[in-house]
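Anchor point for the sequence shown: position 217 equals 217 in UniProt numbering, and the numbering is continuous, going up by one each time. The beta carbon of each residue, even a glycine, is placed where N, CA and C say it ideally should be. Here is the structure we will look at, set down as structure tokens.
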Amino acid sequence: MSAPTRDVTGQTDISKMQLEPDGSFKRAPSAFRNQVEKGGKFPPEKDRYHLYVSYACPWATRTLITRKLKGLDFISVTVVSPHMGSDGWPFASVDAFPGADADPLYNAQHVKDLYLRADPSYGGRFTVPVLWDKKQHTIVNNESSEIIRIFNTAFNDQIPADKSALDFYPEPLRKEIDEVNDWVYDTINNGVYKSGFATTPAAYEAAVVRVFKSLDRVEKILNGKEYLVGNQLTEADIRLFVTIIRFDPVYVGHFKCNIRTIRHGYPNIHAWLRRLYWKNSAFESTTNFDHIKTHYYWSHTTINPHRIVPIGPVPHIESL
């Protein structure tokens, strides 16, 4: 007789998500925080690592953009279905959504299967992205901010010189990048979730006001500038882009971030967004609006119980 399967629905089912006593949303920290480094447990080797992502997830899309920018084609990718249900993120083998993949390594049915393969006692949420080691059959890292830095430098010896020369976290700009990342993450990247998942008017109002105060701040920074920090594309732009590209199609309506839209309320941010999307294929090719809109409106039944996915905005992103 086999042992009973451990109940992990509290880790997979977003409807069981625990909020703070005041009705506010607090994101749990990532658990797997290893590095890819020479001489380490996870050395930089071609065709050794695999990336599990969702096109819908902004955190996962950070890693897809950076992978594309750096030309890391030897890090293979599997995309999950956007229908995140009670078992978490499913693969195409159980939900054949267009653009989703089956798991090529273990034929896992859900992302949770990978986490429990890596650590049967794992007690956190089953999130994407997941950077997986195909040799040791385990998770290297599931924190997107660290994965993009791994991609930025760890494989520089194995890619063409023009790609290795690209540095999205350059030493002279690191202090300023870190400062921007800090408040952008808290009040914009995560701020839209604090607004959307709030269960009291006070928690919602506090969060949404902070979102727009920070968008006002970004608008001023981008006045007469093409990028957030310095005069070059950095991880600060990558990290903000993934939220702004979702803002009008999802966050304005679904997360009630409707004080202003990006396209009609923030001309500098809107121009910055469209330049990145239309002029750099790493941004356009990793943006899938069908996955994005379907995930949020279908998966968050506490917010949208009838799972109706809205048609607009039309277009999802305006032309330059």
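- Between A236 and V192, is the Cβ-Cβ spacing less than 8 Å? Start at 1 with the first residue of the sequence shown, and residue 236 comes out as number 236. Start at 1 with the first residue of the sequence shown, and residue 192 comes out as number 192. Against a cut-off of 8 Å, the Cβ pair of V192 and A236 comes out as no contact.
- Close-in-space but distant-in-sequence residues of the same chain around S281 (CB under 6 Å, 5 per side omitted): The sequence position of residue 281 within the sequence shown is 281, counting from 1. Excluding sequence neighbours, S281 sits near nothing in its chain.
- Task: Determine the DSSP secondary structure at I159, reduced to helix, strand or coil.
- Result: Here residue 159 refers to the residue found at position 159 of the sequence shown. Reduced to three states, the DSSP call for I159 is coil.
- Message: Under DSSP, the alpha helix (DSSP H) around S319 begins and ends at which residues?
- Response: Within the sequence shown, residue 319 is the residue found at index 319, counting from 1. It is not in any alpha helix (DSSP H) - S319 carries neither H nor E in the DSSP assignment.
- Task: Examine the Cβ distances between the segment 247-260 and the segment 221-239 and report whether three or more of them are shorter than 8 Å.
- Result: no
- From the DSSP output, which residues share a beta bridge with W132? Within the sequence shown, numbered from 1, the residue matching residue 132 stands at position 132. In DSSP, W132 forms a bridge with H50, I139.
- Message: Excluding the 5 residues flanking P4 on each side, which residues of the same chain have their C-beta closer than 6 Å to its C-beta?
- Response: Here residue 4 corresponds to residue number 4 of the sequence shown, with the count starting at 1. With a pLDDT of only 39 at P4, under the threshold of 50, the placement of this residue in the model should not be trusted; the figure read from the coordinates follows. So the list is empty, once near-sequence residues are dropped.
- Query: Taking Cβ to Cβ, would you say L64 is nearer than 8 Å to T286?
  - Reply: As a position in the sequence shown, residue 64 is number 64, starting the count at 1. As a position in the sequence shown, residue 286 is number 286, starting the count at 1. Yes.
- Task: Out of L320, S121, E146, F91, state which residue places its alpha-carbon closest to the alpha-carbon of V80.
- Result: Start at 1 with the first residue of the sequence shown, and residue 80 comes out as number 80. For V80, the nearest C-alpha among the options comes from F91.
- Limits of the unbroken alpha helix (DSSP H) element including S281: Against the sequence shown, residue 281 aligns to sequence position 281. That run of the alpha helix (DSSP H) goes 281-284.
- Item | Check whether P267 and H316 have beta carbons under 8 Å apart | Translated into positions along the sequence shown, residue 267 becomes position 267. Translated into positions along the sequence shown, residue 316 becomes position 316. It is not a contact, given that the beta carbons lie outside the stated cut-off.
- Taking the beta strand (DSSP E) that V79 falls in, what are its first and last residues? Residue mapping note: residue 79 aligns to position 79 of the sequence shown, counting from 1. Start and end: 76-79.
- Could you tell me which of V184, I244, P313 sits nearest to C57, measuring between CA atoms? As a working mapping, residue 57 is identified with position 57 in the sequence shown. Of the listed residues, the one whose Cα sits closest to C57 is I244.
- So does the segment 208-217 actually touch the segment 30-42, counting three or more Cβ pairs closer than 8 Å? no
- Item | Candidates Y251, E284, K134, W272, of which the one nearest P313 by Cα | Indexing the sequence shown from 1 puts residue 313 at position 313. Of the candidates Y251, E284, K134, W272, the one whose C-alpha sits nearest the C-alpha of P313 is Y251.
- Message: I believe V36 touches V140 by the beta-carbon criterion, under 8 Å. Please report the beta-carbon distance rounded to the nearest angstrom.
- Response: The sequence position of residue 36 within the sequence shown is 36, counting from 1. The sequence position of residue 140 within the sequence shown is 140, counting from 1. About 6 Å separates the two Cβ atoms, so the contact holds.
- Task: Confirm, please, whether the CB-CB distance from V128 to V111 is below 8 Å.
- Result: What you label residue 111 is simply residue 111 of the sequence shown in a count that begins at 1. What you label residue 128 is simply residue 128 of the sequence shown in a count that begins at 1. Yes; because the gap between Cβ atoms is below 8 Å, this pair is in contact.
- Message: Whole angstroms are fine: how far does the CA of G40 sit from the CA of F126?
- Response: On the sequence shown, residue 126 is found 126 positions in, with the first residue counted as 1. On the sequence shown, residue 40 is found 40 positions in, with the first residue counted as 1. Rounded to the nearest angstrom, the two C-alpha atoms are 25 Å apart.
- Spatial distance of P120 from V8 (CA atoms): As a working mapping, residue 120 is identified with position 120 in the sequence shown. As a working mapping, residue 8 is identified with position 8 in the sequence shown. Each residue's alpha carbon lies about 11 Å from the other.
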